Amino acid sequence: MALTAFAIAASLLAARCSGGNGIMNDPNKAEVLATGPTALDAAASEYVRIVLALGEHDSDYVDAYYGPAELRNAIRADARPVEAIRGDAEALHAKTLALPEPESEIERLRRDYIKTQSAAVIARAAMLSGVQLTFDEESKALYDAVAPAHGVEHFDELLRELDAELPGDGAVSTRLDAFRAKFVIPTEKLDVVFQKAIEGCRERTLRHVALPADESFTVEYVTDKSWSGYNWYQGNYRSVIQVNTDLPIYIDRALDLACHEGYPGHHVYNALLEQHLVRERGWIEFTVYPLFSPQSLIAEGSANYGIEVAFPKDEKIAWEREHLFPLAGLDPSQAEKYYRVFDLTAKLAYAGNEAARGLLDGTLTEDSAALWLEKYALMAPERAKQRIRFIRQYRAYVINYNLGKDLVEAYVERLANGDPEARWTIFTELLSSPRLPSGLVSR
Ligand SMILES: [Zn+2]
């Protein structure tokens with residue numbers, strides 16, 4: 171069965187290489203491709219097949235797929251059990267370990283990508299078969315990273331700083347809620363504010379990043395989701411971005427969502443991978459994106475750090491004061507104060523990891539984890555409930571946002587050495603390469 175599916179994948183790969191479906195259209199690659207698929211190409215095809223097969227058992231698993239529909243249909247018809255897919259992934263992983271050392275760095279990154287991603291497929295398949303992992307074991311197995319643990323003292327110290335910034339009586343969370351209430355984007359102004367934010371992010375990104383000419387995305391407003399925003403990449407440089415309007419959306423979320431989901435975040439990351447790796451190099455493994463995999467740490471980390479790349483702190487406040495606050499009908503003179511408080515609350519992001527750790531490791535119940543989020547992440551009860559729902563669905567994935575951002579930022583800043591233009595160059599290079607979390611520290 172595996173052979174049949176592999177033969178289909180290989181023939182489809184050949185069709186792509188010959189330009190049969192218009193995906194491979196770079197004449198410079200003709201000579202390379204004429205030599206036929208390499209061992210890495212074969213491993214890549216097997217990887218796509220395995221990820222799609224596991225996706226048949228886990229509806230959240232395949233976040234994007236824009237390869238041939240025939241391949242997915244063939245895999246759907248084949249219906250391999252989870253245990254068999256796990257065996258396939260183990261065989262693929264063993265094969266990648268035995269591959270000769272590639273000559274170029276990009277080929278080495280590609281080999282390491284298939285190796286590390288296939289190890290994560292094994293782990294996810296094991297989880298689907300009932301294997302229980304701790305929070306740290308799961309994040310290591312799925313995301314190639316382990317988040318530092320923080321005790322209550324760490325968060326208490328941050329809460330003391332917020333206490334001083336928000337004078338008055340009552341709990342800090344109550345005062346924060348009252349303060350933030352003045353910065354909610356009115357529902358009827360949400361789209362105009364969001365579209366302006368997208369325009370700002372896109373314009374700044376285009377100054378530094380060459381994007382495919384026909385890239386674009388559409389925005390939809392949805393409800394009843396565990397997440398606040400989502401990018402569904404469609405292929406052909408198109409995304410559908412969904413914004414969840416279940417809860418009030420504060421002014422900081424406009425640029426945050428526009429950059430994170432759009433420019434230079436997920437939309438740009440996916441478009442650059444498609445352009446440079448799938449179309450220019452014919453690397454089929456990037457036509458599929460398994461959500462529970464190391465690639466997600468790079469995706470979420472770069473999307474979060476990308477906000478600061480596009481809008482360094484002072485520029486962000488000035489731009490929002492001039493454009494977004496007036497459009498949302500908010501008092502622009504409060505922008506600096508708002509972001510002083512916002513920066514302090516942002517440092518509480520790791521409190522979400524501790525709630526997830528407690529929930530997954532069995533040291534917190536859902537109710538006590540929600541209370542933890544209210545106390546240490548300063549979430550309103552409804553937002554804490556939404557986050558618990560997210561943790562139940564996505565589990566250790568939470569580390570990809572905060573640890574991911576810190577790892578990507580450290581990597582880019584180390585190589586850029588304070589040069590703003592180099593920051594964009596290194597950042598763009600990361601978004602166009604197969605680099606994974608462990609590769610962020612080794613370069
Ligand atoms: Zn994201």
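Numbering (this note's numbering), first residue to last: 171 to 613. Glycine included, every Cβ here is placed at the ideal spot set by N, Cα and C. From a predicted model like this one, the values you see are computed outputs, not experimental measurements.
Looking at P590: is its Cβ nearer than 8 angstroms to the Cβ of A315?
no
Could you give the C-beta distance for N502 and R491, rounded to a whole number, given that I count them as a contact under 8 angstroms?
What sits at residue 502 in the sequence shown is Pro, not Asn. P502 to R491, Cβ: 4 angstroms. Contact.
Check whether the Cβ atoms of A539 and A525 sit closer than 8 angstroms, and answer yes or no.
A contact, by the Cβ cut-off of 8 angstroms.
Taking just the CA atoms, how far does T457 sit from A184?
Low per-residue confidence applies at A184: pLDDT is 36, beneath 50, and the placement is therefore not dependable, though the value from the model is reported in the following sentence. If you take the alpha carbons of A184 and T457, they lie about 15 angstroms apart.
Helix, strand or coil: how does DSSP classify I411 here?
strand
When you compare only the Cα positions, how much space is there between E323 and L548?
15 angstroms
Applying the criterion that 16 or more other CB atoms from any shown protein chain within 10 Å of the CB defines a buried residue, is Q302 buried or exposed?
By the beta-carbon neighbour count (other beta carbons within 10 angstroms, threshold 16), Q302 is exposed.
Express the C-alpha separation of V218 and T205 in angstroms, rounding to a whole number.
Confidence at T205 is low in this model, with a pLDDT of 44, below 50, so the placement of that residue is unreliable and no value is reported for it.
Quick one: is V611 buried, meaning 16 or more other Cβ sit within 10 Å of its Cβ, or exposed?
So V611 counts as exposed.
Got a sec? Which residues, its chain only, sit under 6 angstroms from E579 by beta carbon, not counting five neighbours each side?
Cβ-Cβ distances below 6 angstroms link E579 to Y475 in the same chain, with the five nearest sequence neighbours on each side left out; the list follows chain order.
Under a three-way DSSP split, which group does E301 fall into?
According to the sequence shown, residue 301 is Val rather than Glu. Coil.
Taking three-plus beta-carbon pairs below 8 angstroms as touching, is the segment 405 to 417 in contact with the segment 467 to 486?
no
Output the residue ranges of the beta strand (DSSP E) runs that lie fully inside the segment 429 to 460 and measure 3 residues or longer, sorted by chain position.
DSSP assignment within the segment 429 to 460 yields the following whole beta strand (DSSP E) runs of 3 residues or more, N-terminal first: 458 to 460.
Which residues are close to ligand 1, meaning CB closer than 6 angstroms to any heavy atom, in chain order?
Checking every Cβ against the heavy atoms of ligand 1 under 6 angstroms gives H430, H436, E470 and A473.
Which residues mark the beginning and the end of the alpha helix (DSSP H) in which E253 is found?
V252 to L267
What beta strand (DSSP E) runs, 3 residues minimum, are completely inside the segment 487 to 534?
none
So what does DSSP say about F116, is it helix, strand or coil?
Lying before the first or after the last residue shown, residue 116 is absent from the chain, which here runs from 171 to 613.
Are the beta-carbon atoms belonging to H437 and F387 less than 8 angstroms from one another?
yes
Considering only C-alpha positions, which residue in the set A554, G499, L585 and R565 is nearest to D531?
If we check each option's Cα against that of D531, R565 comes out closest.
On the three-state DSSP scale, how would you describe V392?
strand
Is it right to say N587 is buried, meaning 16 or more other beta carbons lie within 10 angstroms of its own, or is it exposed?
exposed
Thinking A317 and A290 are a contact (beta carbons under 8 angstroms), I'd like their distance in whole angstroms, please.
Going by Cβ atoms, the distance from A317 to A290 rounds to 16 angstroms, so no, they are not a contact pair.
Tell me whether G399 sits in a helix, a strand or coil according to DSSP, three-state version.
strand
Out of Y433, A348 and I411, which one is the CA nearest neighbour of L376?
Y433
Using the three-state DSSP reduction, which class does Y313 fall into: helix, strand or coil?
helix
Is any heavy atom of ligand 2 found at a distance shorter than 7 angstroms from the C-beta of L543?
Among the ligands present in this structure, namely ligand 1, ligand 2 is not found.
Assuming L543 and I477 are in contact, meaning their beta carbons sit under 8 angstroms apart, how far apart are those beta carbons, in whole angstroms?
About 22 angstroms; that fails the 8 angstroms criterion.
Out of P604, Q412, L534 and Y407, which one is the CA nearest neighbour of F305?
L534
Pairing CB atoms from the segment 291 to 298 with CB atoms from the segment 242 to 261, are three or more of them under 8 angstroms?
yes
What residue does the alpha helix (DSSP H) around Y571 start on, and which one ends it?
Segment I569 to A586, the alpha helix (DSSP H) holding Y571.
With a threshold of 8 angstroms, are at least 3 pairs of Cβ atoms found where one atom belongs to the segment 389 to 409 and the other to the segment 233 to 242?
yes
So who's on the other strand from G405, going by DSSP bridges?
R408
Below 8 angstroms between beta carbons: does that hold for I691 and A428?
The requested residue 691 does not occur in the structure, where the chain is confined to residues 171 to 613.
Take the Cβ of N523 as the centre, count every other Cβ of all protein chains shown within 10 Å, and call the residue buried at 16 or more, exposed below.
Classification for N523: buried.
Roughly how many angstroms separate the alpha carbons of P464 and D537, rounded to a whole number?
30 angstroms
Spatial neighbours of A209 within its chain, please: C-beta separation below 7 angstroms, excluding the five flanking residues on both sides.
Contacts found: L269.
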